[in-house]
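Working notes for the structure below.
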Amino acid sequence: MKSVCVYCGSRHGGRTTYAEAARKTGEMLARKGWRLVYGAGDVGLMGEVARATQAAGGQTFGVIPEHLFQREVGKRDLTAFVVTETMHERKKVMFMNSDAIVVLPGGGGSLDEFFEVLTWRQLGLHAKPILVLNTEGYWDPLIAMIDRIVDEGFADPSLRDFVQIAPDVTALAEALSGALDQ
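One point on numbering: in this note's numbering, the residue at position 114 of the sequence shown is 114, and numbering is uninterrupted.
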């Protein structure tokens with residue numbers, strides 16, 4: 001079984017389309033037979049994607065550090081549930097148990113997770129696909145920043161190739177299918 005790590009917000013954000021995209025992502029993962037790997041929270045977009053995956057009959061693997069268990073309302077009814085001591089351990093366990101990375105709208109934590117796996121990819125530490133679901137252009141500033149980093153000479157142009165942008169869940173499903181079926 002292939003596993004897809006989803007990074008996303010522990011809040012819903014300011015648009016209902018973010019939660020809708022999270023639910024559609026969870027349903028799509030279950031429909032494709034891919035296991036969801038995520039931060040084990042039952043709040044915000046994390047909760048939306050997990051509940052949708054479960055409702056559609058999919059497998060879920062959640063990882064949460066002890067200090068966030070109450071804040072993110074650790075979701076215990078998952079297929080697999082791991083509690084770590086630190087955020088670093090959480091990110092490592094999530095990464096090691098996934099075949100692809102998907103980034104939905106989110107905040108600082110989602111950016112931290114994204115840039116860590118992007119940096120690891122740039123350094124040649126992995127070749128896992130990294131996909132960004134750009135719901136209603138949410139990540140346009142991030143994409144522009146990556147372009148600026150390259151244009152200003154702080155990264156090789158290949159950095160752009162390490163990230164695939166999907167405007168909607170249909171495009172995300174197609175890109176993931178292409179990446180995971182290789």
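Quick reminder that beta carbons are idealized off the backbone N, C-alpha and C, glycines included.
Residue i (DSSP reduced to helix, strand or coil)
{"i": "ALA100", "result": "strand"}
{"i": "ALA80", "result": "strand"}
{"i": "LEU111", "result": "helix"}
{"i": "ALA166", "result": "strand"}
{"i": "SER158", "result": "helix"}
{"i": "THR16", "result": "helix"}
{"i": "THR25", "result": "helix"}
{"i": "LEU123", "result": "coil"}
{"i": "GLY62", "result": "strand"}
{"i": "VAL150", "result": "helix"}
Presumed contact (8 Å Cβ cut-off) between residue i and residue j, rounded CB distance
{"i": "TYR7", "j": "SER98", "result": "Not quite, the Cβ-Cβ distance comes to about 10 Å (not below 8 Å), so this is no contact."}
{"i": "ILE101", "j": "LYS128", "result": "6 Å"}
{"i": "ARG31", "j": "ALA56", "result": "6 Å"}
Paired residues, beta bridge with residue i - DSSP
{"i": "PHE95", "result": "In DSSP, PHE95 forms no bridge with anything."}
{"i": "ILE130", "result": "ILE101, VAL163"}
{"i": "CYS8", "result": "Beta-bridge pairing links CYS8 to no other residue."}
{"i": "PHE69", "result": "Answer is none; PHE69 lacks a bridge partner."}
{"i": "VAL37", "result": "CYS5, PHE61"}
(message) Check whether the segment 110 to 124 and the segment 62 to 80 touch, using three or more Cβ-Cβ pairs below 8 Å as the test.
(response) With the cut-off at 8 Å, the segment 110 to 124 and the segment 62 to 80 do not touch.
(message) Taking 8 Å as the cut-off, does the segment 70 to 80 touch the segment 140 to 148 (at least 3 CB pairs, one atom from each stretch)?
(response) Contact fails: fewer than three Cβ-Cβ distances are below 8 Å.
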